[in-house]
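So the protein sequences, as listed, match chains A and B.
Just so we're aligned, residue 17 is where the first sequence starts under the working numbering, counting upward by one.
Just so we're aligned, residue 269 is where the second sequence starts under the working numbering, counting upward by one.
Accompanying notes for the structure given below.
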Amino acid sequence: MMREVMSSYGTSSALYPGVSTESLALLPRVFKTTVLGESFMSQSSSFFSRIKSWVGIAAAVAMAFMGAGAPEVHAQAKPAGTVKVGVLHSLSGTMAISETVLKDVALMAFEEINAKGGVMGMKIEPVVVDPASNWPLFAEKARQLITQDKVAVVFGCWTSVSRKSVLPVFEELNSLLFYPVQYEGEEISRNVFYTGAAPNQQAIPAVEYLMSKEGGAAKRWVLLGTDYVYPRTTNKILRAFLKSKGVADKDIDEKYTPFGHSDYQTIVADVKKFSAGGKTAVISTINGDSNVPFYKELGNQGLKATDVPVVAFSVGEEELRGVDTKPLVGHLAAWNYFMSIKAPANDEFTKKWAAYAKAKNIAGHKDKPLTNDPMEATYIGIYMWKQAVEKAKTFDVAKVSAAMAGQTFTAPSGIVSKMDEKNHHLHKAVFIGEVKADGQFNVVWKTKGPVKAQPWSPFIAGNDKKKDEPALMAEKAPEKKK
Amino acid sequence: MRRTLFAVLLIFAAWANPASALDRAAVDKLAFGDGEEKIEAIAALVAEGDPKAVLVLGALLEGELQTSGKRVLIIKGTEATDALTGVSVTPVPAEREDILVNNRLRGTLNGALAALKLISPERTVRLAAAKELEGSADAAMLPLVKKALDKESDPAIKPLLEQIAATLEIKSGTKESRLAAIRTLEQSSNAGAKTLLLAVLEGEKDEDIRLAVEKSLLAIEGRLAWGQRAGLMFAGVSLGSILLLAALGLAITYGLMGVINMAHGELMMIGAYGTFVVQNLFRAHFPGAFDWYLLFAVPAAFAVSAVVGMLLERSVIRWLYGRPLETLLATWGISLMLIQAVRTIFGAQNVQVENPAFMSGGIAVLSNVVLPWNRIVIILFAVAVLALVWLLLTRTRLGLFVRGVTQNRAMASCVGVPTARVDTWSFGLGSGIAGLAGCALSQIGNVGPDLGQSYIVDSFMVVVLGGVGQLAGTVFAAMGLGVFNKILEAWSGAVLAKIAILVFIIVFIQKRPQGMFAVKGRTVET
Numbered sequence: 017m018m019r020e021v022m023s024s025y026g027t028s029s030a031l032y033p034g035v036s037t038e039s040l041a042l043l044p045r046v047f048k049t050t051v052l053g054e055s056f057m058s059q060s061s062s063f064f065s066r067i068k069s070w071v072g073i074a075a076a077v078a079m080a081f082m083g084a085g086a087p088e089v090h091a092q093a094k095p096a097g098t099v100k101v102g103v104l105h106s107l108s109g110t111m112a113i114s115e116t117v118l119k120d121v122a123l124m125a126f127e128e129i130n131a132k133g134g135v136m137g138m139k140i141e142p143v144v145v146d147p148a149s150n151w152p153l154f155a156e157k158a159r160q161l162i163t164q165d166k167v168a169v170v171f172g173c174w175t176s177v178s179r180k181s182v183l184p185v186f187e188e189l190n191s192l193l194f195y196p197v198q199y200e201g202e203e204i205s206r207n208v209f210y211t212g213a214a215p216n217q218q219a220i221p222a223v224e225y226l227m228s229k230e231g232g233a234a235k236r237w238v239l240l241g242t243d244y245v246y247p248r249t250t251n252k253i254l255r256a257f258l259k260s261k262g263v264a265d266k267d268i269d270e271k272y273t274p275f276g277h278s279d280y281q282t283i284v285a286d287v288k289k290f291s292a293g294g295k296t297a298v299i300s301t302i303n304g305d306s307n308v309p310f311y312k313e314l315g316n317q318g319l320k321a322t323d324v325p326v327v328a329f330s331v332g333e334e335e336l337r338g339v340d341t342k343p344l345v346g347h348l349a350a351w352n353y354f355m356s357i358k359a360p361a362n363d364e365f366t367k368k369w370a371a372y373a374k375a376k377n378i379a380g381h382k383d384k385p386l387t388n389d390p391m392e393a394t395y396i397g398i399y400m401w402k403q404a405v406e407k408a409k410t411f412d413v414a415k416v417s418a419a420m421a422g423q424t425f426t427a428p429s430g431i432v433s434k435m436d437e438k439n440h441h442l443h444k445a446v447f448i449g450e451v452k453a454d455g456q457f458n459v460v461w462k463t464k465g466p467v468k469a470q471p472w473s474p475f476i477a478g479n480d481k482k483k484d485e486p487a488l489m490a491e492k493a494p495e496k497k498k
Numbered sequence: 269m270r271r272t273l274f275a276v277l278l279i280f281a282a283w284a285n286p287a288s289a290l291d292r293a294a295v296d297k298l299a300f301g302d303g304e305e306k307i308e309a310i311a312a313l314v315a316e317g318d319p320k321a322v323l324v325l326g327a328l329l330e331g332e333l334q335t336s337g338k339r340v341l342i343i344k345g346t347e348a349t350d351a352l353t354g355v356s357v358t359p360v361p362a363e364r365e366d367i368l369v370n371n372r373l374r375g376t377l378n379g380a381l382a383a384l385k386l387i388s389p390e391r392t393v394r395l396a397a398a399k400e401l402e403g404s405a406d407a408a409m410l411p412l413v414k415k416a417l418d419k420e421s422d423p424a425i426k427p428l429l430e431q432i433a434a435t436l437e438i439k440s441g442t443k444e445s446r447l448a449a450i451r452t453l454e455q456s457s458n459a460g461a462k463t464l465l466l467a468v469l470e471g472e473k474d475e476d477i478r479l480a481v482e483k484s485l486l487a488i489e490g491r492l493a494w495g496q497r498a499g500l501m502f503a504g505v506s507l508g509s510i511l512l513l514a515a516l517g518l519a520i521t522y523g524l525m526g527v528i529n530m531a532h533g534e535l536m537m538i539g540a541y542g543t544f545v546v547q548n549l550f551r552a553h554f555p556g557a558f559d560w561y562l563l564f565a566v567p568a569a570f571a572v573s574a575v576v577g578m579l580l581e582r583s584v585i586r587w588l589y590g591r592p593l594e595t596l597l598a599t600w601g602i603s604l605m606l607i608q609a610v611r612t613i614f615g616a617q618n619v620q621v622e623n624p625a626f627m628s629g630g631i632a633v634l635s636n637v638v639l640p641w642n643r644i645v646i647i648l649f650a651v652a653v654l655a656l657v658w659l660l661l662t663r664t665r666l667g668l669f670v671r672g673v674t675q676n677r678a679m680a681s682c683v684g685v686p687t688a689r690v691d692t693w694s695f696g697l698g699s700g701i702a703g704l705a706g707c708a709l710s711q712i713g714n715v716g717p718d719l720g721q722s723y724i725v726d727s728f729m730v731v732v733l734g735g736v737g738q739l740a741g742t743v744f745a746a747m748g749l750g751v752f753n754k755i756l757e758a759w760s761g762a763v764l765a766k767i768a769i770l771v772f773i774i775v776f777i778q779k780r781p782q783g784m785f786a787v788k789g790r791t792v793e794t
């Protein structure tokens, strides 16, 4: 019992700012005196402070008990009628260009759900935090959302490095994250649902398309990315895939630039040089605002899509907003959704977004509303979570997770998207689009129907032995509640 | 450009004789066929050299060819004409579908249009077409190219056409004609020729041809390598000019005045936002003169940063002269406040600053080197700013005072120089130049509240490397770092290049703490 008080002491001071910190600071000393027999009385100067400190201890002990019980009840122990939900996207820094709009679309979905009576009759109360494109800060903010705000679920992250940063937090505190962006795979966590694409739902089909006659029959490949885990892993998979198709190492050129890199002169010149050796395609995994100078440089240096097509995995309608797209016509992007897709569900989605952006006066979108793939994935994730909660009839993480299996939702991309029964990934249709002069995409290729995700890519050695589902609860039960 | 091109096409189409291969079957294939059928139809049209096809193919390329039921229409704004008959269609059908054009089709269309233009009566059109086809022609165009070659007499176009014909015959034909074609290609400095020769080399058994190809390849590669080197130098100079602009203001505030101004980057950021505001004003009030907004943005950026800098100097920095550590901390604090202030006013997201039209695109100096206009303009701008600063420091009274105060403050004060006021003015000047740098940066990179953060380290690096207190040193250091960085980048990649530069500077400063150019005399010790 004593250990319990000790261990939760740290969190209780953070959790209950109302309690005098002075009295809490005395707490360890109390235990020191009992354990070591050292007198602490001599150190307190007055009777009143002694009283105060005992009151403080009592309060802290009482709260520590409440705190210790928290992980189990945190979702339900809310004032009746609302449930808190976290939104963890960078609203400043290099990733703000991509992530800000995901925050907005999440808020739109919450508003919609609330207008229709909420989740199980409870209104959603969003808690928005800004991890500022700072990866360790993601983990801190995630911890804050879960322990302090006691959110039932978090929607967030864009870069894989931010997801890797928060993953241990979600697993330790046994909370739920919905991750809405395409990524490199190589991960299944029972605490995460991945509503973006795995490599076989985006990267591999895109490369296959470029290899085909219709896609230009590329023979040489430049793999260009920002220097972090997603591009590195994706390129590792692509390299293995290309090799399996008989592409030699000398026909693959891998290049990385730091986050926020803004001078793409050399890179574009190198691509030109490399492309003289045969039909070349560029696979871009550049992330964040670096894309703007990259595409500007491509346009200015006159690298045409008919000569060297660039297919991007992290560039959508939103990232191209600030770029003059006329010189970029024909460059490609592979996604599971484009704004230009003709489907009733998409019409509804884009109309709702336009109205919402106008009503909320969202910068940029109020005049020119754009939707993109991660926005769609965020939207699907939120609705699937709602459906799962209503099926499980609780916010409990394990039960909601179980109820997520097999959930379906009519996605704006025009298909019925299904959450896989086991592997926590969505079944998604793949689209390849070419940039048009107005910054929208022309779909030039698509899969016949939804494709099941392979988070463990068969092109990485040793993956064939890995299970296509998260480890069981019992194996990885949290240590915390001992 | 496109518009004039199209006008030329129209004249040309009107001139063409009406004998036509553009029949219903061909148009239907273009409009409703799959990718393969479309390509076949285009190839057939090119082989027959039907000039009337230019209109339809041009419309297809521009996305103006649309279908309405079974009809194929060319839509221009609000007017529609039938693609087959050329008769105008009224009313314009409301239900229309775009015809999908992908990269492969677009490439074929570009080539086809260029090939059809080879027989245009206009010399400039033919020259442009021949240049476009160099390195991208395909076998279907051979009859047309030969026909054009027969008629051609212009000394500039004829050799180009010969080269194009050579590339087309390089894979077929007799051994002699192939060897001749390979030898013709030797004169090319087009990267496309290299691609072509490499393709010939692959799977070629004939020893003579292999040798000829290898020889031609060597010659072409040698020429291409010069282009690459020139491109690399340009990239280095371009980066150097940006570093110079970023560091020039600092060379005054830190180099001459000795103020470690950590808010220097934020003054650049303010200049960039100044440009953004001017751009928005122009867009809202004078959309017609939008291309000239930079003319007003430059003084505005200078003014706003200079005013902020002078306020800073008057309110904070002047109390801290001679206390570098306190100055550093205070200006760093101010930089954070400025960032937050901009976030509050403009939002945390990047804002968009558009290039004026004349700064988009580039000029092709060699077949494989395109120099982007925005970078050329910035290099010229940097030179102009440098010249102005130099004139100001050496030819004006203020410059004399600044140098006097820098060299010996007490003595300058004794002979009647108002040192405090000179400090304010020169700090304002340094800040204003930072604003100019921000204005230039807005044309090539992102404008956001964090813009300054990524340049502050580079700016200090340049000033320290060049030698504190010397403008010439700043120029050499900026250009040197720019070129060195680009050479390293081409060799080792962007990430390693950045690391290597930092290591190099650490070592250099260890060996030569006074920088490349040191001020001789007593001022160094102070």
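For glycine and all other residues, C-beta sits at the position ideal for the given N, C-alpha and C.
Nothing here was measured: the structure is a model prediction, and the numbers come from that model.
- Item | Any C-beta of chain A under 7 angstroms from that of T463 of chain B | yes
- Task: Provide the residue(s) that pair with E347 of chain B in DSSP beta bridges, ordered along the chain.
- Result: B:K344
- Which residues in chain B sit within 9 angstroms of I113 of chain A, going by Cβ to Cβ distance? Q617, N618, N714 and G716
- From the DSSP output, which residues share a beta bridge with W461 of chain A? A:I448
- Message: For G504 of chain B, which residues in the same chain have their Cβ closer than 6 angstroms to its Cβ, ignoring the five residues on either side in sequence?
- Response: G750, V751 and K754
- Item | Any chain B beta carbon closer than 7 angstroms to K289 of chain A | yes
- Query: Assuming N130 of chain A and K119 of chain A make a contact with CB atoms under 8 angstroms, what is their CB distance in whole Å?
  - Reply: The pair is not a contact, with the Cβ atoms about 16 angstroms apart (cut-off 8 angstroms).
- With 16 other Cβ atoms within 10 Å as the buried cut-off, status of T595 of chain B: buried
- Message: Please list, in chain order, the chain A residues whose beta carbon lies closer than 8 angstroms to that of Q496 of chain B.
- Response: A285 and K289
- Query: Nearest chain A C-beta to L507 of chain B closer than 7 angstroms, yes or no?
  - Reply: yes
- Starting from the C-beta of V314 of chain B, find all residues in its chain whose C-beta is less than 7 angstroms away, skip the five residues before and the five after it, and write them out in chain order. A380, A383, L384, A408, M409 and L412
- Message: With distance defined between alpha-carbon atoms, name the residue in B:S440, B:I432, B:L469 and B:V481 nearest to I450 of chain B.
- Response: B:V481
- Query: So what does T335 of chain B bridge to, in DSSP terms?
  - Reply: B:V340 and B:E365
- Would you kindly check if the distance between the Cβ of F290 of chain A and the Cβ of D265 of chain A is under 7 angstroms? no
- Query: Beta-carbon of G232 of chain A versus every beta-carbon of chain B: anything under 7 angstroms?
  - Reply: yes
- Message: Give me the chain B residues within the contact set of Y272 of chain A, using Cβ-Cβ distance strictly less than 8 angstroms, ordered along the chain.
- Response: G761, A762 and V763
- Give the DSSP bridge partners of H441 of chain A, in chain order. A:Y210
- Inspect the CB distances between the stretch 307 to 319 of chain A and the stretch 422 to 442 of chain A and report whether three or more fall short of 8 angstroms. no
- Task: Classify K166 of chain A as helix, strand or coil using the three-state DSSP reduction.
- Result: coil
- At 9 angstroms on the CB atoms, spell out the chain B contacts of P309 of chain A, in chain order. I712, G713 and N714
- CA-to-CA distance, D363 of chain A to F457 of chain A, given in whole angstroms: 16 angstroms
- Query: Do three or more CB pairs link the stretch 726 to 738 of chain B to the stretch 561 to 581 of chain B at distances below 8 angstroms?
  - Reply: no
- Message: Quick check on this structure: which residue in B:E581, B:V736, B:W641 and B:A655 has the alpha carbon closest to the alpha carbon of A688 of chain B?
- Response: B:E581
- Do the stretch 367 to 383 of chain A and the stretch 343 to 352 of chain A touch if we need at least three Cβ pairs shorter than 8 angstroms? no
- Message: Using a 10 Å radius around the Cβ and a threshold of 16 neighbouring Cβ atoms, would you call H553 of chain B buried or exposed?
- Response: exposed
- Query: Helix, strand or coil: how does DSSP classify I299 of chain A here?
  - Reply: strand
- Query: Just reading off the alpha helix (DSSP H) that E364 of chain A is part of, what are its end residues?
  - Reply: P360 to K376
- DSSP state of A405 of chain B mapped onto helix, strand, coil: coil
- Query: At which residues does the beta strand (DSSP E) containing M435 of chain A begin and terminate?
  - Reply: V432 to M435
- Between the stretch 236 to 249 of chain A and chain B, which residues of the former have a C-beta closer than 7 angstroms to a C-beta of the latter? D243
- Tell me, please, whether the CB atom of P505 of chain A is closer than 7 angstroms to any CB atom in chain B? Residue 505 of chain A is absent from the structure shown; chain A starts at 17 and stops at 498.
- Name the residue from B:V653, B:N676, B:A294 and B:A786 whose alpha carbon lies nearest to the alpha carbon of S509 of chain B. B:V653
- Message: Determine, for A434 of chain B, whether the minimum Cβ-Cβ distance to residues of chain A falls below 7 angstroms.
- Response: no
- Task: Return the CA-CA distance between A434 of chain B and A416 of chain B, expressed in angstroms with no decimal places.
- Result: 14 angstroms
- Message: Looking at the strands, I want to know which residues DSSP matches up with E141 of chain A.
- Response: A:K100
- What three-state label does DSSP hand S681 of chain B in the structure shown? helix
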